[in-house]
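Engineer:
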Amino acid sequence: MTAPARSPATGPAISVNNLTRRFGSFTAVDNISFEVAPGEVFGFLGANGAGKTTAIKMLIGLLAPTSGEARVAGLDIVKQTEDVRRRIGYMSQRFSLYEDLTVLENIALYGGIYGLTNDEIRKRSSTMLQSLGLTDDLVGRLPLGWKQKLAFSVALLHEPAVVFLDEPTGGVDPITRRQFWELIYAAAQRGTTVFVTTHYMDEAEYCDRISIMVDGHIAAIGTPRELKQKWSVLSIDELFVRLARPT
Amino acid sequence: MSQPDVIVENLGKRFGKTEALSGVTFSVSHGELFGLVGPDGAGKTTLFRILTTLSIPDTGTATVLGLDVVRDLWAIRSRVGYMPGRFSLYGDLTVKENLSFFASVFGTTIEKGYDLIAPIYRQIEPFASRRADALSGGMKQKLALSCALVHRPDILFLDEPTTGVDAVSRREFWDQLQTLRASGLTIVVSTPYMDEAMRCDRVALMQGGRILEIDPPAEIGTRYPLPIVSVVGAERYKLLLALREAPHAHSVYPFGAELHFTDDRANLDPSTVAAELREYLISKNFSDIEVKPIEAGIEDSFMELMPPPVQRAS
Chain W
26 MTAPARSPAT
36 GPAISVNNLT
46 RRFGSFTAVD
56 NISFEVAPGE
66 VFGFLGANGA
76 GKTTAIKMLI
86 GLLAPTSGEA
96 RVAGLDIVKQ
106 TEDVRRRIGY
116 MSQRFSLYED
126 LTVLENIALY
136 GGIYGLTNDE
146 IRKRSSTMLQ
156 SLGLTDDLVG
166 RLPLGWKQKL
176 AFSVALLHEP
186 AVVFLDEPTG
196 GVDPITRRQF
206 WELIYAAAQR
216 GTTVFVTTHY
226 MDEAEYCDRI
236 SIMVDGHIAA
246 IGTPRELKQK
256 WSVLSIDELF
266 VRLARPT
Chain F
958 MSQPDVIVEN
968 LGKRFGKTEA
978 LSGVTFSVSH
988 GELFGLVGPD
998 GAGKTTLFRI
1008 LTTLSIPDTG
1018 TATVLGLDVV
1028 RDLWAIRSRV
1038 GYMPGRFSLY
1048 GDLTVKENLS
1058 FFASVFGTTI
1068 EKGYDLIAPI
1078 YRQIEPFASR
1088 RADALSGGMK
1098 QKLALSCALV
1108 HRPDILFLDE
1118 PTTGVDAVSR
1128 REFWDQLQTL
1138 RASGLTIVVS
1148 TPYMDEAMRC
1158 DRVALMQGGR
1168 ILEIDPPAEI
1178 GTRYPLPIVS
1188 VVGAERYKLL
1198 LALREAPHAH
1208 SVYPFGAELH
1218 FTDDRANLDP
1228 STVAAELREY
1238 LISKNFSDIE
1248 VKPIEAGIED
1258 SFMELMPPPV
1268 QRAS
C-alpha cells in the first residue's frame, strides 16, 4: 500500500482529561486521564466490565461523558463529534463488513461514506486487493482472518489519524493473528495512531504502551517493559491478573 | 480399562462446498479433560453438534457413553451437558428461571443438582432475580455452565466457553473445570486460545475441519521439527523484517515480548543457530539483542502444522 502523506502532528493523537461517565449511581469510567502520541500503538486493556467499552464509546463520539473532556486528533469529542468521526477509523470483531457484498463493493460503499472520489476508490481498491493478496469475492465467503484483515484496511481507507480496534483478533488463528499485527505495525509506521483492545495478553506486549483499567480507573500505564519492571512481574499476563483480582 | 466415553471414527461433514469436518478420529477416556483447540472455522462447533446429536455426520461414526450419536439420540440427550457457544440463555428470564427451566427440561430440580453446581452457582446466586440479558459476560458464562450441569450429566461438552472473556475470568473458569474434572466428570471443551490447552489432559489441534495432532499439552512442543530460537531487542518491527531476510530463515513470528525464529536446517543444534543469528544481527547493526535457543510451545507447533490459510476458490 502506498504511504499516505500526513500533516505533521502538532499535539497528542488522543488526550483524555478527568473523563467520567456515570449510569445512574454506577460510575463506569471514573475520572481517567491519559495521552496517546501520534503513530503510537496503544493497548487499552482491562477485565470485562472494567469500563473499556464505555471509554471507547466516548472517544469515538457514540456516548457523551458525564464530566471531563477528551480530544481525538486534536478535536473535542463533545463539541466536534462529527469532525472526530471523519478523522477516525473503527473496527471490531462484531461490526465489520457487509457479508453479502463483494470485497470491492464493500470498499466502494465505505469509500463513498467517507467521501472519497470514485477515482480514489478505484486506486485504493486495487492496491488493497494486491497488498492483501485477495481476489474480489463475496465477503461472506472469506475466512474469518481474511475478513478481519480486510476490515482493518477498510477502516484505514480514508486515512484516519486514529484507528480504534476493539478485539480485532478474537477467534483468529495464530498465524493470521500475527499477520494482523504486522498490518498494525505498518499502519503505525505510516503515522496512524492505533488504539487497540485485546484479551490476548501476548498481544499486549506488541504495543508501544498499554494501560490496564480496573473498576473504571486506570490502574497502570506505561510501556510493557516499564510496567513489568515496576511491578516485578515476568509478563503482562501476570500483571493483569494481579491488578484485576487483588488478593 | 473401560470403554472410552467418546469414540469418533473418520467423521466427515459437508455444508455445500465447505468441508466442515474431514477424517476426524479420536477418543476421550472416562474422567478426561479433553481440549479441541483451533481458530474459528476449524470445525469445533460442527463436531460438538454431532456429538450432542443435533447434527448428523455424512461419513464415519461416533459414540458417546457407548451410545451411537445417530441411533441413540434420545438416550444420549438426557445424559450429556452441553454449553453451546454464545451461551444460549433465555435473556428475558431471570438467572433462577433459566436454571429452573433447564432443570425441568431434564425432569429434575435445582435442589437435586445443587451440590454439583454450588461452587459455580453461588457466585451468581446474589443476582438470582436479575434477567440473564443484564448479566456481564463472566456471569452469563457461569449461569450457562450451571444450566449445563444441573441435571448431573455424565459428560460435559463446552463449546468455546471462554471466547470474549477476559484473561483473569478465563483462568478462573479453567480452575472450575479442573474441580469438576476432579469429581470424575468427563469434559470435552473447545477454545481458540492456545494457552488454555495447557490446562487439558490431552488436546487435539484442529484447523480447517481436520485434526492436526493429538497429544498431552506438554508433549506437543517436543515434536517440533526445526531448531527454534528466541530473539529480544528494541525496534522490534525492524528486527522482525531483518530476521526474515536472514539466511535459512524458515519462519519469524512475534511472541509476546520476543520474536521466534525457526531455521530451515532441521538437524542443526539450536545453539549453533543462535550463535549464527547473533553474528548476522550484529552485521546488520543491531545492538543490545538477546538470542537464545528455546523449546517450541503450543502456538509454535500449531503454526508449523497448520496449512497456510488460502482464500477459498469461488
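Top to bottom, those sequences are chains W and F. Terminal number for the first sequence in our numbering: 272, no gaps in between. Terminal number for the second sequence in our numbering: 1271, no gaps in between. Glycine included, every Cβ here is placed at the ideal spot set by N, Cα and C. Note that the coordinates shown come from a computational prediction; the quantities given were computed from them, not determined experimentally.
(1) At 8 Å on the CB atoms, spell out the chain F contacts of L169/W, in chain order.
(2) Measure the alpha-carbon distance for A229/W versus H183/W and round it to whole angstroms.
(3) Comparing alpha-carbon positions, which option in T1010/F, Y1210/F, I1177/F, L1100/F lies nearest R1193/F?
(4) 8 Å is my cut-off, CB to CB: does F265/W come that close to chain F?
(5) Are there three or more Cβ pairs, one per stretch, closer than 8 Å when the segment 1248 to 1258 of chain F is compared with the segment 1222 to 1236 of chain F?
(6) Count the other CB atoms within 10 Å of the CB of N1055/F; is the residue buried (16 or more) or exposed (fewer)?
(7) List the endpoints of the continuous beta strand (DSSP E) containing G71/W.
(8) Within 10 Å of its beta-carbon, does V66/W have 16 or more other beta-carbons around it, so buried, or fewer, so exposed?
(9) So what's S1103/F in DSSP terms, helix, strand or just coil?
(10) Short check: CB of L1198/F to CB of V1188/F, under 8 Å?
(11) Would you tell me roughly how many angstroms separate the C-alpha atoms of E1236/F and A1154/F, rounded to the nearest one?
(12) For a contact meaning CB atoms closer than 7 Å, what does P1149/F contact in chain W?
(13) Reducing DSSP to helix, strand and coil, say where K1069/F ends up.
(14) Measure the CB-CB distance between Y1039/F and A977/F and report whether it falls below 8 Å.
(15) Which of the residues in the segment 1098 to 1125 of chain F, read from start to end, lie with their CB under 7 Å from any CB of chain W?
(16) Going by beta carbon distance, what residues of the same chain come within less than 6 Å of T1020/F, once the five residues before and after it are set aside?
(17) Compare the C-beta of S1271/F against all C-beta atoms of chain W and say whether one is closer than 8 Å.
(18) Of the residues that make up the segment 1202 to 1236 of chain F, which ones have a beta carbon closer than 8 Å to any beta carbon in chain W?
(19) Three-state secondary structure (DSSP) at I261/W?
(20) Is the beta carbon of G1017/F sitting closer than 8 Å to the one on E1068/F?
(21) Answer with buried or exposed for Q155/W, where buried requires no fewer than 16 other C-beta atoms within 10 angstroms of its C-beta.
(22) Please check the pair A1124/F and D198/W, which I expect to be a contact at CB under 8 Å, by giving their CB distance rounded to whole angstroms.
(23) Taking its Cβ as the centre, do 16 or more other Cβ atoms sit within 10 Å of R271/W, making it buried, or is it exposed?
(24) For W256/W, decide whether its Cβ has a neighbour in chain F, counting only Cβ atoms nearer than 8 Å.
(25) So, with DSSP's three-state summary, where would you put D1257/F?
(26) On the CB-based measure, 16 or more other CB atoms within 10 Å of its CB, does L259/W come out buried or exposed?
(27) Where do the ends of the alpha helix (DSSP H) carrying P1174/F lie?
(28) Below 8 Å CB to CB, which residues in the same chain sit around G969/F once its five sequence neighbours on both sides are set aside?
(29) By the criterion of Cβ-Cβ separation under 7 Å, what are the contact partners of S1093/F in chain W?
(30) Starting from F177/W, trace the alpha helix (DSSP H) in both directions and tell me its first and last residue.
(31) Taking the continuous alpha helix (DSSP H) assigned at V109/W, which residues delimit it?
(32) Pull the bridge partners of S40/W from the DSSP assignment, please.
(33) Between S50/W and T91/W, what straight-line distance do the alpha-carbon atoms span, to the nearest angstrom?
(34) For Y1078/F, return the contacting residues in chain W, with the cut-off set at a CB-CB distance below 9 Å.
(35) State buried or exposed for F972/F, treating a residue as buried only when at least 16 other CB atoms are found within 10 Å of its CB.
(36) Nearest to G1213/F by alpha carbon, out of V103/W, G216/W, T223/W, D240/W?
Structural biologist: To lay it out plainly:
(1) Within 8 Å Cβ-Cβ: P996, D997, G998.
(2) 27 Å
(3) Y1210/F
(4) Chain F, which has a Cβ nearer than 8 Å to the Cβ of F265/W, makes this yes.
(5) yes
(6) buried
(7) 66 to 71
(8) With 16 or more Cβ atoms within 10 Å of its Cβ, V66/W is classed as buried.
(9) helix
(10) For L1198/F and V1188/F, no; Cβs fall outside 8 Å.
(11) 36 Å
(12) G196
(13) It is helical.
(14) no
(15) T1120, G1121, V1122, D1123, A1124, V1125
(16) I964
(17) Residue placement at S1271/F cannot be trusted, given a pLDDT of 36 that sits under 50; the coordinates are not used to answer.
(18) Y1210, P1211, F1212, G1213, A1214
(19) I261/W: helix per DSSP, three-state reduction.
(20) For G1017/F and E1068/F, no; Cβs fall outside 8 Å.
(21) exposed
(22) Here A1124/F is actually not in contact with D198/W; their C-beta atoms are around 19 Å apart, not less than 8 Å.
(23) Rather than Arg, the amino acid found at residue 271/W in this sequence is Pro. By the neighbour-count rule (16 or more Cβ atoms within 10 Å), P271/W is not buried but exposed.
(24) no
(25) helix
(26) exposed
(27) 1174 to 1177
(28) E976, L978, S979, G980, V981, P1014, D1015, T1016, G1017
(29) N73, G74
(30) It spans 169 to 180 - the alpha helix (DSSP H) in which F177/W sits, taken as one unbroken run.
(31) 106 to 112
(32) Residue pairing by DSSP places S40/W opposite E60/W, R96/W in a beta bridge.
(33) 12 Å
(34) Ordered by position in chain W, no residue passes the 9 Å Cβ test against Y1078/F, which lies about 19 Å from the chain.
(35) exposed
(36) T223/W
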